[in-house]
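All remarks here apply to the structure that follows.
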Amino acid sequence: DGGITQSPKYLFRKEGQNVTLSCEQNLNHDAMYWYRQDPGQGLRLIYYSQIVNDFQKGDIAEGYSVSREKKESFPLTVTSAQKNPTAFYLCASSRTGTSGFTYQETQYFGPGTRLLVL
Amino acid sequence: SQKIEQNSEALNIQEGKTATLTCNYTNYSPAYLQWYRQDPGRGPVFLLLIRENEKEKRKERLKVTFDTTLKQSLFHITASQPADSATYLCALIDRGSTLGRLYFGRGTQLTVWP
Chain A
8 DGGITQSPKY LFRKEGQNVT LSCEQNLNHD AMYWYRQDPG QGLRLIYYSQ
58 IVNDFQKGDI AEGYSVSREK KESFPLTVTS AQKNPTAFYL CASSRTGTSG
108 FTYQETQYFG PGTRLLVL
Chain B
27 SQKIEQNSEA LNIQEGKTAT LTCNYTNYSP AYLQWYRQDP GRGPVFLLLI
77 RENEKEKRKE RLKVTFDTTL KQSLFHITAS QPADSATYLC ALIDRGSTLG
127 RLYFGRGTQL TVWP
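Written as structure tokens, this is what we have:
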């Protein structure tokens, strides 16, 4: 069964703590994305990766970090520098990365992780 | 500044009626526009895509139109059902983007009541 998995479903962070959100896909997609969603807000792009070992900052990268060591995995770390981390985090992937780029790619989303601050 | 505006935060209609959702954009040059459905606490799911040179696209009870002169897309659900209740997001791919990344609107929450 192909798809994107995110874990955990809920995550609690203490002040000053770094936490890591997991995102795994078995769709063989090149590109992966992390979004943040706040109530009543659209999806805002945090980081994206077009290919393994490469990633770029999105619109709200401050206080976050990522890695892309494997094609299927794109973990997001919420660092203590992110002062307002409470949100719903969504990971997505799409087929095309740096090669064979087309405009019509749709994105496949995971189920999301809700991060709460204690 | 660049904006994507969806007509209202919430839309309530009676079962069997046609729901029409609006997406207007400013200062984008979209190559494609997409519509997604999002249920509470879940990730968005792709519904339809329409290209800049297409006027209309249909899929079962769904219809999307795209007017680049008005800078607007309309999303229609005909014969609406309570199961259609969800938040609908429009997203576009801008020609100026090297990645083809998606830019999302805030969404319209649709409620279909029996």
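Going line by line, the protein sequences match chains A and B.
So that you can map any letter, position 50 of the first sequence is 57 in our numbering, and since no number is skipped, the others follow by simple counting.
So that you can map any letter, position 102 of the second sequence is 128 in our numbering, and since no number is skipped, the others follow by simple counting.
Built from N, CA and C at the ideal position, the CB exists for glycine as well.
- [ ] Determine which residues share a DSSP beta bridge with S100 of chain A and list them.
- [x] A:M39 and A:Y115.
- [ ] Closer than 7 Å, Cβ to Cβ, to anything on chain A: give me those residues from the stretch 91-106 of chain B, in chain order.
- [x] none
Open item on the list: Rounding to the nearest angstrom, what Cα-Cα distance links S14 of chain A and A99 of chain A in this structure?
Closed with: 13 Å
Open item on the list: Cβ closer than 7 Å: which chain B residues qualify as neighbours of G23 of chain A?
Closed with: Near G23 of chain A there are no residues of chain B at all, since even the closest Cβ is about 28 Å away, more than 7 Å.
Task: Own chain partners of R77 of chain B with C-beta closer than 6 Å, once the 5 adjacent residues on each side are dropped - done: Y58
TODO: Output, in sequence order along the chain, the residues in the stretch 41-56 of chain A whose CB is closer than 7 Å to any CB in chain B.
DONE: G47, Q48, G49, L50, L52 and Y55
- [ ] Could you tell me which of A:D37, A:H36, A:T12 and A:P46 sits nearest to A94 of chain A, measuring between CA atoms?
- [x] A:P46
Task: DSSP state of A112 of chain B mapped onto helix, strand, coil - done: Residue state, collapsed to three classes: strand.
- [ ] Entirely within the stretch 50-80 of chain B and at least 3 residues each: give me those beta strand (DSSP E) ranges in chain order.
- [x] Here the runs fully enclosed are 56-64 and 71-77.
- [ ] With distances taken Cα to Cα, identify the nearest neighbour of L73 of chain B among B:T52, B:F101, B:N50 and B:E80.
- [x] Looking at the Cα atoms, B:F101 is the closest of the given residues.
TODO: Using the DSSP secondary-structure output, state which residues sit across from T84 of chain A in a beta bridge.
DONE: A:T27 and A:S72
Task: Residues that T11 of chain B bridges to, as DSSP identifies them - done: Here chain B comprises residues numbered 27 to 140, so residue 11 of chain B is not present and cannot be evaluated.
Task: At least three beta-carbon pairs within less than 8 Å, the stretch 40-48 of chain B to the stretch 113-122 of chain A - done: no
Open item on the list: Per DSSP, what are the beta-bridge partners of F95 of chain A in this structure?
Closed with: Within the DSSP secondary-structure output, F95 of chain A pairs in a beta bridge with A:Q44 and A:R121.
TODO: Tell me, please, whether the CB atom of G69 of chain B is closer than 9 Å to any CB atom in chain A?
DONE: yes
TODO: Look at the alpha carbon of R63 of chain B and the alpha carbon of V71 of chain B, and state the distance between them as a whole number of angstroms.
DONE: If I take the Cα positions, the gap works out to 5 Å.
Task: Pick from A:L34, A:R20, A:Y17 and A:A88 that is closest to S80 of chain A, judged by C-alpha positions - done: A:L34
TODO: Count the other C-beta atoms from every protein chain shown that fall within 10 angstroms of the C-beta of S106 of chain A, then say buried if there are 16 or more, exposed otherwise.
DONE: Confidence at S106 of chain A is low in this model, with a pLDDT of 49, below 50, so the placement of that residue is unreliable and no value is reported for it.
Task: DSSP-derived helix/strand/coil call for N38 of chain B - done: strand
Task: Where D60 of chain B meets chain A, residues with beta-carbon distance less than 7 Å - done: Note that residue 60 of chain B corresponds to Gln in the displayed sequence, not to Asp. Going along chain A in sequence order, the residues near Q60 of chain B (Cβ under 7 Å) are T113.
Task: Check: T104 of chain B C-beta below 8 Å from any heavy atom of the ligand HEM - done: The model on display carries no ligand, and the ligand HEM is accordingly not part of it.
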